[in-house]
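Whatever position you read off the sequence shown (first residue = 1), add 131 for our numbering. Right, one structure below, let's go through it.
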Amino acid sequence: MSEKDSKIRALIKVFGTILTLNIIVIVGMTYFTPGVRGSGVLTTRTFDLDQFNHVTLEGVGTARITIDESQFFEITTDENMYSLLDIGVNDGKLVVRNKEEIRPSVLMLTIRTPYLRGIELAGNPTIEVPGISGDLFSIGIRGNGTVYVSGGVDHLDVNITGNGLVQAMDLVAIETEVAIEGAGDVEVQSTKRLVVNCRGSGNVLYAGDPSLDGECIGTVEQIR
């Protein structure tokens with residue numbers, strides 16, 4: 132066997148070893164990441180709850196909240212996940228959190244309520260709220276949550292601690308206040324006044340022609 136062939140075989144062996152190790156790492160991450168894994172058997176359940184006007188989602192999951200005359204709350208997830216969820220309403224605030232670390236195949240919340248004053252996320256959930264209206268709406272994120280909102284309000288309040296994302300360019304607010312501690316990203320549309328205070332590398336993109344106030348170490352940029 133020539134020296135060239137020997138080098139080629141050696142390289143093939145090295146690459147094969149690297150590929151095998153990568154597969155082992157991926158499999159290990161899949162099966163040994165902490166948390167109760169979803170069974171894969173999806174079910175949908177509807178819950179009768181007390182009246183609420185604020186929603187808090189902690190942990191993981193995706194929620195779509197719409198404004199409707201009648202209240203409605205439904206969850207679609209693995210059948211073994213329901214006993215690990217803590218769901219309750221206290222002082223008009225609906226809170227959904229997991230009792231321990233979970234890894235559901237799907238965790239989807241469908242929510243309807245006549246009136247919504249605010250949402251709060253902790254961990255890594257996603258909430259979508261189309262068609263918001265009213266005098267005040269608040270968004271709070273602790274962690275890496277993501278929020279999509281649209282509609283129109285008099286005052287929008289956004290508070291992020293961590294790396295959250297708020298996409299509210301389709302929510303027209305007369306006045307907007309944004310506070311970021313961390314590396315959060317916010318997109319808003321404000322017509323009269325925008326106050327931005329951030330510590331860290333937060334980024335705020337805004338539309339409209341509001342007066343601008345506050346102090347931000349990160350980026351505050353008008354895009355239209």
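Note that CB positions come from ideal geometry on N, CA and C, so glycine has one too.
Cut-off 7 Å between Cβ atoms - residues of its own chain near residue i, not counting five sequence neighbours on either side
{"i": "G268", "result": "Correcting the residue type first, residue 268 is Phe in the shown sequence and not Gly. Cβ neighbours of F268 beyond the five flanking positions: R248, G249, V284, L287."}
{"i": "L392", "result": "As shown, the chain starts at 132 and ends at 355. That puts residue 392 outside it, with no answer to give."}
{"i": "Q353", "result": "Y337"}
{"i": "E251", "result": "T187, G271"}
{"i": "N275", "result": "N255, G293, N294, G295"}
Through-space distance from residue j to residue i, alpha-carbon basis
{"i": "V326", "j": "P165", "result": "40 Å"}
{"i": "L152", "j": "V309", "result": "With a pLDDT of 46 at L152, under the threshold of 50, the modelled position of that residue is not reliable, and the figure given next carries that caveat. Rounded to the nearest angstrom, the two C-alpha atoms are 45 Å apart."}
{"i": "H185", "j": "P256", "result": "16 Å"}
{"i": "Q298", "j": "L180", "result": "29 Å"}
{"i": "S264", "j": "N328", "result": "25 Å"}
{"i": "T322", "j": "D301", "result": "12 Å"}
{"i": "G293", "j": "T277", "result": "11 Å"}
{"i": "L225", "j": "G219", "result": "6 Å"}
{"i": "T161", "j": "D222", "result": "Residue placement at T161 is poorly supported in this model, since its pLDDT is 44, which falls under 50; the coordinates are not used for a value here."}
{"i": "I305", "j": "F203", "result": "30 Å"}
{"i": "V191", "j": "E205", "result": "16 Å"}
{"i": "R324", "j": "R195", "result": "29 Å"}
{"i": "V289", "j": "Q182", "result": "24 Å"}
{"i": "E346", "j": "G171", "result": "48 Å"}
{"i": "T307", "j": "P341", "result": "9 Å"}
Endpoints, the beta strand (DSSP E) within which residue i is located
{"i": "S281", "result": "277-293"}
{"i": "G249", "result": "249-254"}
{"i": "I272", "result": "257-274"}
{"i": "R243", "result": "238-244"}
{"i": "L215", "result": "Premise fails: L215 is in no beta strand (DSSP E) and is neither H nor E."}
{"i": "E189", "result": "185-190"}
Proximal residues to residue i (C-beta, below 6 Å), its chain only, five neighbours per side dropped
{"i": "V303", "result": "G283, Q320"}
{"i": "R176", "result": "I206"}
{"i": "V335", "result": "V309, V317, V327, V351"}
{"i": "T197", "result": "R243"}
Classification of residue i by the beta-carbon crowding that lies within 10 angstroms, buried from 16 upward
{"i": "G169", "result": "buried"}
{"i": "T350", "result": "exposed"}
{"i": "I348", "result": "exposed"}
{"i": "G313", "result": "buried"}
{"i": "F178", "result": "exposed"}
{"i": "P245", "result": "exposed"}
{"i": "D199", "result": "exposed"}
Expected contact under 8 Å - CB spacing of residue i and residue j to nearest Å
{"i": "I272", "j": "I291", "result": "5 Å"}
{"i": "D217", "j": "P235", "result": "Contact flag wrong, Cβ pair sits at about 14 Å."}
{"i": "I311", "j": "G339", "result": "I311 to G339, Cβ: 19 Å. No contact."}
Neighbourhood of residue i by C-beta, 8 Å cutoff - its chain only, sequence neighbours within 5 removed
{"i": "L173", "result": "T207, T208, D209, E210, S236, V237"}
CB contact check: residue i to chain C, cutoff 7 Å
{"i": "D179", "result": "Absent from the structure is chain C; it holds one protein chain and no more."}
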